[in-house]
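Below: the structure, in structure tokens.
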Amino acid sequence: MVNNINTRCDLMLFGALGDLAQRKLFPALYQLERAGLLAEGSRVLAIARTEADTPTVRKQLFDKLKHHVKDAEFDADVANRFLERVDYQLLDFNDPEGYVALKDWRDTPANELIVYMATPPSMYGVIARNLKAASCCNEKTRVVVEKPIGHDLESSKVINDELGAVYNENQLFRIDHYLGKETVQNLIALRFANNLFASQWDQNHISHVEITVAESVGIEGRWGYFDQAGQIRDMVQNHLLQLLCLIAMDPPADLSADSIRDEKVKVLKALRQITPDIMESYVVRGQYTAGTSDGTPVPGYLEEEGANKGSDTETFVALKAEIENWRWSGVPFYIRTGKRLPEKLSQIIIHFKPAPHYIFDPDQKHLANNKLIIRLQPDEGMSLKILTKDQGLDKGMRLRQGPLELTFSETFETDRIPDAYERLLWEVMKGNQYLFVRRDEVEYAWRWVDQVIRNWKDSGEPPKRYAAGTWGPVASIAMITRDGRSWYEDA
Ligand code: BG6
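Residue numbers (my numbering): 415 to 905.
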């Protein structure tokens, strides 16, 4: 189903005046226009519930683009050229009659139709049914939906069933925007293009893996949504588990969507269940209190605007995941993610086992583990920590740990790394599903996360507090220290 780059598309964007569309989707489309990747004749129908006309919406989108696109990348001519493609349609998503206007807009049925639902997931089924009833879609239509797909396994099945009643799985593009990040895609290249790592990537050579996705921001006006979700649903069920899958999966037979997704599903199925008896040593949940961010005082989670003072929702999760298969038996994956941590940082660290027989100074034995640090953001790149001899006559055979460093922006002189949404929209236009999540992936991920949430509920234990600007509750340090290890920053 892969098309060439000149595919002409009609993109119907539901929720076009919402935050996601304005902050991410329109800027991404603008960048595709700037890069010459939007085919002549491709068009966008911005659909929302607000009374407005096309000229007003174009004007508003121009201002938003100016605001969200970096100054150096903003070109008014390109913005205007792009906005020429955009029409606006007022629609009550629940009203089947209204969809006739969408059909009328599509006067060039030869264009590929893409429907992007940037709406709450509760609307996905309604929109799908109404589009079908108004003959606005067919078996070639591509449908893009955002996370969260539900808030647990059962609710995700309902949403997937509703979508599945109208569309085939090969029409559905479920977004996990982490899969669109350049460096996340690089994990596939790193692992499967370099034989060097292929032979080392298992329990014989790796002692443990750390995955950290830290954010310095707090809840930023999203309290209502976030409080229903919490960090485990918002980040672990999707982004963190996707990263874990890409690190842990077996080599796929090829780069096709199903080959990759089949391998990811095998990892999700092999995750060890976290039963109540091991919860305390495997999972830590936290909630931030007042503290500082970049030296500025910031309120605690319960003092944020709109907060329910009694909320027990977690803003931090650390957990130890184990994969029960031959490759990973005995290799813990320590995962950590939180809001209001000291910095924005996403990185994966592969800790290799020491050489089987150590012959150097016993005092330096602690240096003996090689590490591969994969920086997803910021400063995208990789660093392989290796041991060399310290230089100088007086140093004897003293060892020194140093990096083999690859910073993408320096090495490849890339002036900009495309935003995840640019890549994802581009792949949808080409009809390529490999960066999107299949139904069974979503459901296995929920199955694993649900048991942790159930255990929290049953135990009734509140989250542990941590001050904004710190690396989470001390219990997360204790969790890894008990295993004789430490989080990389603390090392
Ligand atoms: C989103 C979450 O999926 O990812 C947000 O809902 C989070 O809570 C965001 O802030 C982080 O994405 P990124 O690309 O900034 O790391």
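Even glycine gets a Cβ: it sits at the ideal position worked out from N, Cα and C.
Backbone secondary structure at residue 905 - three-state DSSP: Here residue 905 scores only 45 on pLDDT, less than 50, and its place in the model is too uncertain to base an answer on.
Residue 760 CB to nearest heavy atom of the ligand BG6 below 8 Å: Answer for residue 760: yes, Cβ within range of the ligand BG6.
Straight-line gap, residue 633 to residue 640 (C-alpha atoms, nearest Å): 7 Å
Residues of its chain near residue 657, where Cβ-Cβ distance is below 6 Å and the 5 sequence neighbours each way are ignored: 625
Pick from 707, 724 and 726 that is closest to residue 755, judged by C-alpha positions: When each option's Cα is compared against that of residue 755, the closest is 707.
Environment of residue 424 [buried if 16+ CB atoms lie within 10 Å]: Buried: at least 16 other Cβ atoms inside 10 Å.
Enclosing alpha helix (DSSP H) for residue 539 [first to last residue]: 538–547
Distance cut-off 8 Å: residue 433 Cβ against heavy atoms of the ligand BG6: No.
Nearest-angstrom Cα separation, counted from residue 751 out to residue 649: 7 Å
Cβ-Cβ distance between residue 907 and residue 892 below 9 Å: Nothing can be reported for residue 907: it is not among the residues displayed for the chain, which extend from 415 to 905.
Unbroken stretches of the alpha helix (DSSP H), 4 residues or longer, contained in the segment 723–768: none
Short Cβ contact (9 Å threshold) for residue 786 with residue 763: yes
The segment 555–570 contacting the segment 718–729, beta-carbon criterion three pairs below 8 Å: no
9 Å Cβ cutoff met for residue 470 and residue 845: no
Burial state of residue 772, where buried means 16 or more other Cβ atoms lie within 10 Å: exposed
C-alpha distance - residue 542 paired with residue 576, whole-angstrom precision: 8 Å
Cβ-heavy atom distance, residue 780 to the ligand BG6, below 8 Å: no
CA-to-CA distance, residue 446 to residue 512, given in whole angstroms: 30 Å
Start-to-end residues for the alpha helix (DSSP H) that takes in residue 823: In the DSSP assignment, residue 823 falls within the alpha helix (DSSP H) that extends over 822–825.
Boundaries of the alpha helix (DSSP H) in which residue 640 is found, first to last residue: 637–645
Identity of the residue in 869, 461, 523 and 607 nearest residue 667 by Cα: 607
Any non-hydrogen atom of the ligand BG6 within 8 Å of residue 923 CB: Nothing in the structure corresponds to residue 923, since the chain is present only between 415 and 905.
Residue 629 beta carbon near the ligand BG6 (any heavy atom closer than 8 Å): Shortest gap from the CB of residue 629 to any heavy atom of the ligand BG6: under 8 Å.
Neighbourhood of residue 743 by C-beta, 6 Å cutoff - its chain only, sequence neighbours within 5 removed: 617
Any non-hydrogen atom of the ligand BG6 within 8 Å of residue 648 CB: yes
Exposed unless 16 or more other CB atoms sit within 10 angstroms - verdict on residue 695: exposed
Segments of 4+ residues assigned as alpha helix (DSSP H) that fall wholly inside the segment 608–638: 609–612
Best match in 467, 516, 507 and 746 for proximity to residue 684 [C-alpha to C-alpha]: 746
Through-space distance from residue 604 to residue 459, alpha-carbon basis: One C-alpha to the other measures close to 39 Å.
Rounded C-alpha distance that separates residue 652 from residue 855: 9 Å
In chain order, each alpha helix (DSSP H) run of at least 4 residues that lies wholly inside the segment 675–701: 693–696
Proximity below 9 Å, CB of residue 597 to CB of residue 881: Taking 9 Å as the Cβ cut-off, residue 597 and residue 881 do not qualify as a contacting pair.
Sub-9 Å separation of residue 619 and residue 766 beta-carbons: Contact flag set, yes.
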